[in-house]
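In the numbering used here, the protein residues as written are -9 to 151.
Each residue gets a CB set at the ideal place from its N, CA and C atoms; glycine is no exception.
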């Protein structure tokens, strides 16, 4: 059973390489520079308010689940392991494809609109996906419709001319 967490779970289902796993965890736990700038601006704008502690912990958007009970678990099995009172509408999964591909694309699984549909995203995009899907600022399709020919979301196309 997937535990109830405050943050969206990042579930490890492939245990073939510890260094790759740790590297990906570090990357998804490190916000993009643009997000860090936004947090700095918010902190500066709210400087007159009481200090609520280190903002760094608040920027970590996933709950890392490194538990061998999930070893080899596929999408269908994960869907069955989601408790009925689960507060999140999607999951992030580090699977065999994540471990074996050079850019380590993370599996993103829909739990809400069409449970079981998926797309992949590179680790550096996980912050953007989580922050936008969690507050319904963007929809699943906004990301899934922008995957490349390999089915991986690597960011939105640059539309600047």
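To test your reading of the DSSP string, which unbroken beta strand (DSSP E) runs of 3 or more residues are found completely within the region 32 to 119?
List check, beta strand (DSSP E) in window: 52 to 55, 80 to 84, 96 to 100, 108 to 111.
Check the DSSP bridge columns for residue 144 and list the partner residues they point to.
The partner list for residue 144 (beta bridge, DSSP) is empty, contrary to what the question assumes.
Quick one: Cα of residue 14 to Cα of residue -3, how far?
Cα-Cα distance, rounded: 17 angstroms.
Is DSSP giving residue -2 helix, strand or coil here?
In this structure, residue -2 counts as strand in the three-state DSSP scheme.
Looking at the structure shown, is residue 122 part of a helix, part of a strand, or coil, going by DSSP?
Here residue 122 sits in helix by DSSP.
Apply the 10 Å Cβ neighbour rule to residue 3 and answer buried if 16 or more other Cβ atoms are within range, or exposed otherwise.
Its Cβ being crowded by 16 or more others within 10 Å, residue 3 is buried.
What runs of the alpha helix (DSSP H), each 4 residues or longer, lie entirely inside the region 1 to 29?
As far as the region 1 to 29 is concerned, its whole alpha helix (DSSP H) runs of at least 4 residues are 8 to 18.
Where residue 90 and residue 33 are concerned, what is the direct C-alpha to C-alpha distance, given to the nearest angstrom?
The alpha-carbon atoms of residue 90 and residue 33 are separated by roughly 39 angstroms.
Can you name the start and end residues of the alpha helix (DSSP H) that residue 131 belongs to?
130 to 134 is the extent of the alpha helix (DSSP H) around residue 131.
Taking contact to mean at least 3 C-beta pairs separated by less than 8 angstroms, is the region 115 to 124 in contact with the region 53 to 72?
Verdict: no, contact absent.
Do residue 101 and residue 88 have their beta-carbon atoms positioned less than 8 angstroms apart in this structure?
No, the Cβ-Cβ distance between residue 88 and residue 101 is not below 8 angstroms.
Could you check the C-alpha separation between residue 75 and residue 104 for me, to the nearest Å?
So the alpha carbons of these two residues sit roughly 17 angstroms apart.
Relative to the alpha-carbon of residue 61, which residue among 78, 83, 137 has its alpha-carbon at the smallest distance?
It is 83.
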